[in-house]
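**Student:**
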Amino acid sequence: MKYLKPSVLALAMFFAQGAFAHSDEYLDTQTAPHGGQLRMVQQYHYELVVKANEVSVYITDHAGRKIDTQGATGTATILSSKSKASVKLVPAGDNQMKGSSKFELAPDMKVVVSVALSGQTALQGRFTPMQRAPSTSSMSGQM
1 MKYLKPSVLA LAMFFAQGAF AHSDEYLDTQ TAPHGGQLRM VQQYHYELVV KANEVSVYIT
61 DHAGRKIDTQ GATGTATILS SKSKASVKLV PAGDNQMKGS SKFELAPDMK VVVSVALSGQ
121 TALQGRFTPM QRAPSTSSMS GQM
């Protein structure tokens, strides 16, 4: 019985590490497979890639396995330099959602991505793609 409290405490500390492993701050230090910004969105990872007037979102599970986007719907709401754009996202094969619209790439850009996979409710992820921390390691085999 005298070892019960330390054992429970040690187990709690061990399992708590997983909770912090997928924070936005941690994910910002990782090199995403497509060079975008990663966010944990419930049971998924969303990777946002923004280029001039183009948005792509790649969806994987926490182990890095691709999640099929066939039948999914989505939007990306982009707030950038006092302007707002809404981009309709459509399945683009494999685990990708893609869309295009006119918007400005700016350091203060914020993006809210909402994706409803086929037969599921929409899940949202919030991104600051131009304010990421420098990458320090690869996501290969890390999720």
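Anchor point for the sequence shown: position 140 equals 140 in our numbering, and the numbering is continuous, going up by one each time.
Using N, Cα and C, we set each Cβ at its ideal position, and we do this for glycine too.
As the structure is a computational prediction, the values presented were derived from the model and not from experiment.
Can you tell me which residues form a DSSP beta bridge with residue 127?
**Tutor:** According to DSSP, residue 127 bridges with 111.
**Student:** Have a look at the DSSP bridge pairing and note the partners of residue 56.
**Tutor:** Residue 56 pairs with 49, 98.
**Student:** Where residue 45 and residue 98 are concerned, what is the direct C-alpha to C-alpha distance, given to the nearest angstrom?
**Tutor:** Near 16 Å, if we compare the C-alpha coordinates of residue 98 and residue 45.
**Student:** Would a C-beta distance cut-off of 7 Å place residue 54 and residue 80 closer than the cut-off?
**Tutor:** No. Outside cutoff.
**Student:** How many whole angstroms separate the CB atoms of residue 74 and residue 57, which I take to be in contact at a CB cut-off of 8 Å?
**Tutor:** Right, the Cβ-Cβ distance comes to about 7 Å (below 8 Å), so this counts as a contact.
**Student:** Please report the distance separating the alpha-carbon of residue 69 from that of residue 130.
**Tutor:** Near 25 Å, if we compare the C-alpha coordinates of residue 130 and residue 69.
**Student:** Roughly how many whole angstroms lie between the Cα atoms of residue 127 and residue 119?
**Tutor:** Rounded to the nearest angstrom, the two C-alpha atoms are 25 Å apart.
**Student:** Where does the unbroken beta strand (DSSP E) through residue 89 begin, and where does it stop?
**Tutor:** 83-91 is the extent of the beta strand (DSSP E) around residue 89.
**Student:** Is residue 68 helix, strand or coil when you go by DSSP?
**Tutor:** Three-state DSSP puts residue 68 in coil, outside helix and strand.
**Student:** In terms of residue numbering, what span does the alpha helix (DSSP H) encompassing residue 27 cover?
**Tutor:** Note, residue 27: alpha helix (DSSP H), 24-28.
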